[in-house]
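Only one structure is covered here, and it is reproduced in the block below.
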Amino acid sequence: MKGMERDGQLRQPEGIAVDHEGHLLVVDKMNHRIQRSTAEGRFLSKFGREGTRNDEFNHPDQLALDSQGNIYPTGPQPHRARLFSFRILLA
Numbered sequence: 710m711k712g713m714e715r716d717g718q719l720r721q722p723e724g725i726a727v728d729h730e731g732h733l734l735v736v737d738k739m740n741h742r743i744q745r746s747t748a749e750g751r752f753l754s755k756f757g758r759e760g761t762r763n764d765e766f767n768h769p770d771q772l773a774l775d776s777q778g779n780i781y782p783t784g785p786q787p788h789r790a791r792l793f794s795f796r797i798l799l800a
C-alpha cells in the first residue's frame, strides 16, 4: 500500500495497551493496523489493513484488552468496535 511503513515502524501511533505477556500493542493509525512488540521495542507481529471489512481498519485510534486476551480496537471511521482474539491473530 502506498505510504505503508515497514514492520515495527509506526505512522501516527495513537492508542497503546499492554497484553497479558507484557507485550505492547500500539494502534498504528495511518497504517490501519495494530502492532505488537516487546517491552524493549522489538517487533513481534501485526494485524489489520485499510478497508471496511471485519478484518480491516480505517484509521483506528484506540484499543482495549480484556482478561481473556481479546482485543477491542475502535476507530472513528466507521464508528464501530470489533473483537479480535490474541490466539488467532498474534500467535
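Just so you know, we're using this note's numbering here: the sequence shown kicks off at 710 and counts up by one. Yeah, the Cβ is synthetic: ideal placement off N, Cα and C, and Gly gets one too.
Close-in-space but distant-in-sequence residues of the same chain around residue i (CB under 6 Å, 5 per side omitted)
i      : result
GLU759 : HIS741
ILE725 : VAL735
ALA773 : TYR781
CA nearest to the CA of residue i, picked from the options
i      : options                        : result
PRO785 : GLY778, VAL736, ALA748, PHE756 : VAL736
GLY757 : SER776, HIS768, ASN779, GLY778 : HIS768
GLU723 : ASP764, GLN771, PHE766         : GLN771
Within 7 Å, strictly: CB atoms of residue i and residue j
i      : j      : result
HIS729 : ARG745 : no
Rounded Cβ spacing between residue i and residue j (contact assumed at less than 8 Å)
i      : j      : result
LEU753 : THR761 : Actually they are not in contact, since the Cβ atoms of LEU753 and THR761 sit about 27 Å apart, beyond 8 Å.
Same chain, Cβ closer than 8 Å to residue i, five either side skipped, listed in chain order
i      : result
ASP716 : GLN744, PHE752, LYS755
GLU765 : HIS741, GLY757, ARG758, GLU759
ASP775 : TYR781
Close-in-space but distant-in-sequence residues of the same chain around residue i (CB under 7 Å, 5 per side omitted)
i      : result
GLU714 : ARG720, ASN740
LEU798 : The predicted model places LEU798 with a pLDDT of 48, which falls under 50 and marks its position as unreliable, so this point remains unresolved.
Curious, which full-length beta strand (DSSP E) runs of at least 3 residues does the segment 720-758 contain? 722-727, 733-737, 742-746, 752-756
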